[in-house]
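Protein chains in written order, with my numbering: chain A, 1 to 309; chain B, 310 to 618.
All C-beta atoms in this analysis are idealised placements derived from N, C-alpha and C, irrespective of residue type, glycine included.
See below for the structure under consideration.
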């Protein structure tokens, strides 16, 4: 279930992704008043994966305590088995993978953390034909839950996907809930969003258009929430809860996230993979929220799976 | 390569482990001036693993910012495949596993973090015969390296193992270096110590005696280092370096540590498994120590594998 892809299409995806990274970091820098540092890197010849990327990061901004947004484009001689389950004709084929991935950790505990990723894998079969498939999505992780924020985020996701069929949002929303689940905590990572992988069912042009729709919707999904929450007053209690809950983000990414775990174990670029880590995190034993508190509401009303629209 | 073990021997190991937990937490509480909270737990009937334990934890002590020491004793109907590689006769046999595991995170950056674990697995073959094997060790993770601390720690480990053959320390020291390695950072976790697993080659009595020697040596290996360092003055720079380096501890435990990773994915008791997490941790992008600094010496002189004795 992959799609024939001429190489100018691969170039088009790369161009889109680089532009998306610029647009998003530009808007975030404008909102924050601090700039991103851009770090262009290239894998040494002789490493198992070849490739290059641009890591952009803002640390200790006014609104964002740590905001990382990475573009990478890697090439390998043999598609890993995990990627060829549904594509036996491409087992062991030379491949390219490219994507933009971001995690923004705000300073104010009332502003949720957000993650977005769009990626494409393309491989050349023995016949010489090139095929591609897409993946991506975005999800929201509040520390203090607000219904209107979750509804807004999901509504933007739904509207972005609607032109590609009204089945897409419900499928990708459920997929997101299933993926961003911390089994050892029996907890969702946050209020979800959308997630898709191995996607090529609309053909190259429309699948790529759908990926663009997701990437393009990100700022609209997230910025209004940041604007609403960023000036809310908070104290030590809210800060402590945020640091504690950030521990869940670390647990998910290091234990369960396939990209992170696979990347770290297989020789990916560590500092770029760990852009997703929060700037400051705490762990404490059996922390329990007070009954009836805003913190408790996160567990009882926001983390359980819900239809937000 | 397992050892016939009558059930009174299993009881003896359990008794030793519970006593060890008491002795260690007692000494640490006395040194710190704060007490451990003891939390006895039991798995609900119907969970895949049955068992119980006592989790002891001190948080926000004077010397220790987070110090966890857990005893657990679990029983399962079927030994997992990972444990029967070397024991085909015990594949799928009912088993018990018990151990004491501790990680102490000090407040002062000049005091190293320490980990110690002693454990026994015992299984009943179809013939009705019970067999056991031991595992464990301890390792030291300084933020600021001191040769005398590393030498002291390794010397106590070596001396404790010497009565059981002069091959034990060199073998277990190398095993420790191999195990506590962060592949994605190309870094050791710290200055090492000793690590052993699947151990039964001395027969039950002597293997158990060796495990006791390791457990009994812990306070002697660690406390003199704490006493030497705990009153050293430090500032924001040292504190920040400690928080940053604690990130490596999190990365190792969540990505590579077999016990942690397996426990979290297979339904272990999360809060007890994550006793090892530091109280406060930071991540930042490509932090580089200043040339010629004490921080740089950690990377150049202490983390590379060395023979400390």
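Buried or exposed by the 16-neighbour rule on C-beta atoms within 10 Å, applied to residue i
i                      : result
residue 495 of chain B : exposed
residue 458 of chain B : buried
residue 436 of chain B : exposed
residue 122 of chain A : buried
residue 237 of chain A : exposed
residue 112 of chain A : buried
residue 188 of chain A : buried
Inter-residue spacing [alpha-carbon to alpha-carbon] between residue i and residue j
i                      : j                      : result
residue 426 of chain B : residue 570 of chain B : 16 Å
residue 7 of chain A   : residue 130 of chain A : 8 Å
residue 514 of chain B : residue 406 of chain B : 18 Å
residue 398 of chain B : residue 319 of chain B : 20 Å
residue 303 of chain A : residue 146 of chain A : 12 Å
residue 25 of chain A  : residue 56 of chain A  : 8 Å
residue 566 of chain B : residue 553 of chain B : 19 Å
residue 414 of chain B : residue 30 of chain A  : 40 Å
residue 298 of chain A : residue 289 of chain A : 9 Å
residue 381 of chain B : residue 576 of chain B : 14 Å
residue 387 of chain B : residue 94 of chain A  : 42 Å
residue 281 of chain A : residue 351 of chain B : 29 Å
residue 411 of chain B : residue 294 of chain A : 34 Å
residue 476 of chain B : residue 609 of chain B : 28 Å
residue 487 of chain B : residue 81 of chain A  : 27 Å
residue 550 of chain B : residue 596 of chain B : 9 Å
residue 489 of chain B : residue 594 of chain B : 23 Å
residue 50 of chain A  : residue 618 of chain B : 41 Å
residue 464 of chain B : residue 536 of chain B : 17 Å
residue 157 of chain A : residue 86 of chain A  : 27 Å
Near the ligand PLP: residue i beta-carbon under 8 Å from a heavy atom
i                      : result
residue 114 of chain A : As for the ligand PLP, it is missing from this structure, which has no ligand bound.
Test: residue i CB closer than 9 Å to a CB of chain A
i                      : result
residue 604 of chain B : no
residue 583 of chain B : yes
residue 563 of chain B : yes
residue 577 of chain B : yes
residue 573 of chain B : yes
residue 422 of chain B : no
residue 419 of chain B : no
residue 568 of chain B : no
residue 377 of chain B : yes
residue 395 of chain B : no
residue 493 of chain B : yes
CB contact below 9 Å: residue i versus chain B
i                      : result
residue 245 of chain A : no
residue 1 of chain A   : Only weak support is given to the placement of residue 1 of chain A: the predicted model assigns it a pLDDT of 49, under 50, and the question is left unresolved by the model.
residue 281 of chain A : yes
residue 52 of chain A  : no
residue 250 of chain A : yes
residue 73 of chain A  : no
residue 43 of chain A  : no
residue 278 of chain A : yes
Beta-carbon spacing of residue i, residue j below 9 Å
i                      : j                      : result
residue 53 of chain A  : residue 272 of chain A : yes
residue 482 of chain B : residue 499 of chain B : no
residue 522 of chain B : residue 511 of chain B : no
residue 74 of chain A  : residue 211 of chain A : no
residue 110 of chain A : residue 144 of chain A : yes
residue 23 of chain A  : residue 61 of chain A  : no
residue 141 of chain A : residue 100 of chain A : no
residue 462 of chain B : residue 484 of chain B : no
residue 70 of chain A  : residue 275 of chain A : yes
residue 255 of chain A : residue 564 of chain B : yes
residue 592 of chain B : residue 556 of chain B : yes
residue 528 of chain B : residue 336 of chain B : yes
residue 329 of chain B : residue 568 of chain B : no
residue 224 of chain A : residue 59 of chain A  : no
residue 376 of chain B : residue 353 of chain B : no
residue 48 of chain A  : residue 76 of chain A  : yes
residue 125 of chain A : residue 160 of chain A : no
Segment limits, beta strand (DSSP E) that includes residue i
i                      : result
residue 395 of chain B : No beta strand (DSSP E) holds residue 395 of chain B; DSSP gives it neither H nor E.
residue 221 of chain A : It is not in any beta strand (DSSP E) - residue 221 of chain A instead sits in the alpha helix (DSSP H) that spans 203–229.
residue 414 of chain B : 404–415
residue 133 of chain A : 130–141
residue 374 of chain B : 373–385
residue 274 of chain A : Neither: residue 274 of chain A is in no beta strand (DSSP E) and is coded neither H nor E.
residue 50 of chain A  : 50–59
residue 506 of chain B : 501–508
residue 115 of chain A : 113–124
Proximal chain C residues relative to residue i, where beta-carbon distance stays under 9 Å
i                     : result
residue 59 of chain A : Protein chains A and B are contained in the structure displayed, whereas chain C is not.
N-terminal and C-terminal residue of the alpha helix (DSSP H) that residue i is part of
i                      : result
residue 347 of chain B : Premise fails: residue 347 of chain B lies in the beta strand (DSSP E), 346–351, not in any alpha helix (DSSP H).
residue 152 of chain A : 147–161
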